[in-house]
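Since the structure comes first, as structure tokens, the remarks are kept for the end.
Protein chains: 2
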Amino acid sequence: MCSRSPGDAMIALDGVLSCNYHSSMKRDGKLHLALHVLAHLAEAGDRPTTSEDLAAHLCTNAVVIRRSLAGLREAGLVTSVKGHGGGWTIARPAAAISLGAVYAALGARGELTPGRVPDLSGCLIERAIDEALDDFYAEMETLLVRRLDGISLADLAADFGRRRAEWAANAQTPAALNG
Amino acid sequence: MCSRSPGDAMIALDGVLSCNYHSSMKRDGKLHLALHVLAHLAEAGDRPTTSEDLAAHLCTNAVVIRRSLAGLREAGLVTSVKGHGGGWTIARPAAAISLGAVYAALGARGELTPGRVPDLSGCLIERAIDEALDDFYAEMETLLVRRLDGISLADLAADFGRRRAEWAANAQTPAALNG
DNA sequence: ATCTCATGTAACTATCATAGTTACATGAGA
DNA sequence: TCTCATGTAACTATGATAGTTACATGAGAT
Chain A
90 MCSRSPGDAM IALDGVLSCN YHSSMKRDGK LHLALHVLAH LAEAGDRPTT SEDLAAHLCT
150 NAVVIRRSLA GLREAGLVTS VKGHGGGWTI ARPAAAISLG AVYAALGARG ELTPGRVPDL
210 SGCLIERAID EALDDFYAEM ETLLVRRLDG ISLADLAADF GRRRAEWAAN AQTPAALNG
Chain B
90 MCSRSPGDAM IALDGVLSCN YHSSMKRDGK LHLALHVLAH LAEAGDRPTT SEDLAAHLCT
150 NAVVIRRSLA GLREAGLVTS VKGHGGGWTI ARPAAAISLG AVYAALGARG ELTPGRVPDL
210 SGCLIERAID EALDDFYAEM ETLLVRRLDG ISLADLAADF GRRRAEWAAN AQTPAALNG
């Protein structure tokens with residue numbers, strides 16, 4: 090089950106495309122999920138979106154969405170409202186949310202760094218390698234965050250806008266989207 | 090079981106230190122393992138080292154070592170000889186082996202890149218994010234490899250040499266090594 | 001009031017990657 | 001031919017994360 094309904098913020102592709110519910114979000118990372126959700130929330134603007142709706146769009150489970158958004162809420166990137174008419178809303182304009190902020194909000198240690206087990210062996214070679222790799226990974230992490238800080242959600246949204254325009258122009262051949 | 094015997098290439102720390110066999114190499118990555126093995130082989134020079142010996146030093150299993158070294162052999166970084174007096178030997182001087190070469194030899198896709206599942210949903214937002222992240226990860230991968238190419242095994246060995254000297258100077262207080 | 005919707009969260013299962021293990025075939029000296 | 005060591009398949013164990021179920025909590029709608 091992962092089809093769209095005409096009224097929502099998505100481009101209407103109903104009946105044409107669907108994704109296999111159980112094999113989709115298998116090994117793709119927390120960052121990807123969070124960005125996708127945020128992009129949808131940015132599209133929705135002020136109107137709250139339920140985790141159920143988001144889950145349908147992302148072909149995943151509502152609880153998975155809530156888990157991810159819980160972290161983003163603590164970081165002040167989104168807000169949530171319970172009950173009737175409730176749901177999730179983006180807390181800042183998309184241009185004011187950097188991918189670095191999202192990455193940080195996820196506590197995304199380990200997205201790059203493999204994580205290290207403390208060295209109990211006393212092997213000096215191991216120590217040298219541990220330190221070298223620690224330094225190296227820290228350096229890469231810095232580069233990664235710096236680069237992510239330079240990209241905003243609005244940049245992704247712009248890219249999305251470009252795609253939508255392209256899609257509208259080629260609307261005659263929707264089959265090309267299946268490739 | 091992970092104690093050293095006095096005659097080998099390791100600094101003799103017998104009886105002083107041991108590591109818990111079952112909880113050591115749990116989440117540390119293929120690169121770390123390969124580098125550690127290579128560093129030991131570099132220390133050993135021309136004399137072949139058995140996977141059993143290496144496993145004892147690294148507190149892991151001989152088959153794990155052989156699995157890792159099989160990849161490195163295909164890349165021409167190490168050689169192996171069967172039978173009596175056999176074992177593993179480093180194929181080039183340590184200065185001529187870059188960490189980038191090791192990384193490549195491991196086919197270490199996924200050390201950084203989370204890997205992506207093909208997008209079947211047709212969601213344009215998803216596509217924009219997929220491409221942005223693909224580009225981003227490719228960029229980081231390039232930076233990572235470039236940086237790794239700039240470090241040789243000999244650099245790590247030099248670091249090891251420095252440590253050994255320090256250790257020898259402070260040999261009176263071996264307890265400090267336990268911290 | 002209470003009904004319904006939606007979040008918040010705990011607890012469980014499923015899946016995947018990798019480390020660890022066992023077992024055995026193969027090849028090379030002694 | 002005996003022993004050592006690699007080469008490899010097949011299995012188990014572990015940990016991370018996605019997916020699922022279930023239920024408590026809170027906030028409007030009636």
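Residue numbers (my numbering), protein chains in the order written: chain A, 90 to 268; chain B, 90 to 268. Backbone N, C-alpha and C fix where the C-beta goes; we use that ideal spot for every residue, glycine too.
The stretch 103 to 185 of chain A is shown to contain whole alpha helix (DSSP H) runs of 4 or more residues at 119 to 133, 140 to 147 and 151 to 163, in chain order. A distance below 8 Å between beta-carbons, with the five flanking residues on each side excluded, links B/A193 to the following residues of its chain, in chain order: A164 and V234. Contact of B/D223 with chain A by beta-carbon distance below 8 Å is absent, the smallest such distance being about 10 Å. Each of B/F225, B/L222, B/S187 and B/W256 was checked against the Cα of B/A128, and the nearest Cα belongs to B/S187.
A/L245: member of the alpha helix (DSSP H) spanning L242 to A258, first to last residue. Per the C-alpha coordinates, the member of A/D238, A/L120, A/R216 and A/S157 positioned closest to B/R251 is A/R216. Boundaries of the alpha helix (DSSP H) around A/G189: L188 to A194. For A/G174, the closest of A/D142, A/E230 and A/Y226 by C-alpha to C-alpha distance is A/D142. Between the alpha carbons of B/I179 and A/L232 lies a distance of about 33 Å. Residues of chain B with a Cβ closer than 7 Å to the Cβ of A/L213 are, in chain order, I100, F249, R252, R253 and W256. Distances from the CA of B/A145 to each of A/A151, A/L242 and A/C212 were compared; the closest alpha carbon is that of A/C212. B/T139 is positioned such that its CB atom lies no closer than 8 Å to that of B/G196. Taking the beta carbon of B/R216 as reference, the chain A residues within 7 Å of it are R252, listed in sequence order. For B/I240 and A/D244, the gap between their C-alpha atoms comes out near 35 Å.
Taking a beta-carbon distance threshold of 8 Å, B/L124 counts as an interface residue toward chain A. Looking only at A/A227, A/I218 and A/L122, the smallest Cα-Cα distance to B/V126 is reached by A/I218.
Only exposed fits B/K171, as fewer than 16 other CB atoms lie within 10 angstroms of its CB. A/G189 is a Cβ neighbour of A/D238, given a cutoff of 8 Å. Within chain B, no C-beta atom comes less than 7 Å from the C-beta of A/R156; the nearest is roughly 17 Å away. Not flagged as an interface residue toward chain B: A/H173, since no C-beta distance is shorter than 8 Å. Put simply, the CB of B/R236 is near chain A, with a gap under 8 Å to one of its CB atoms.
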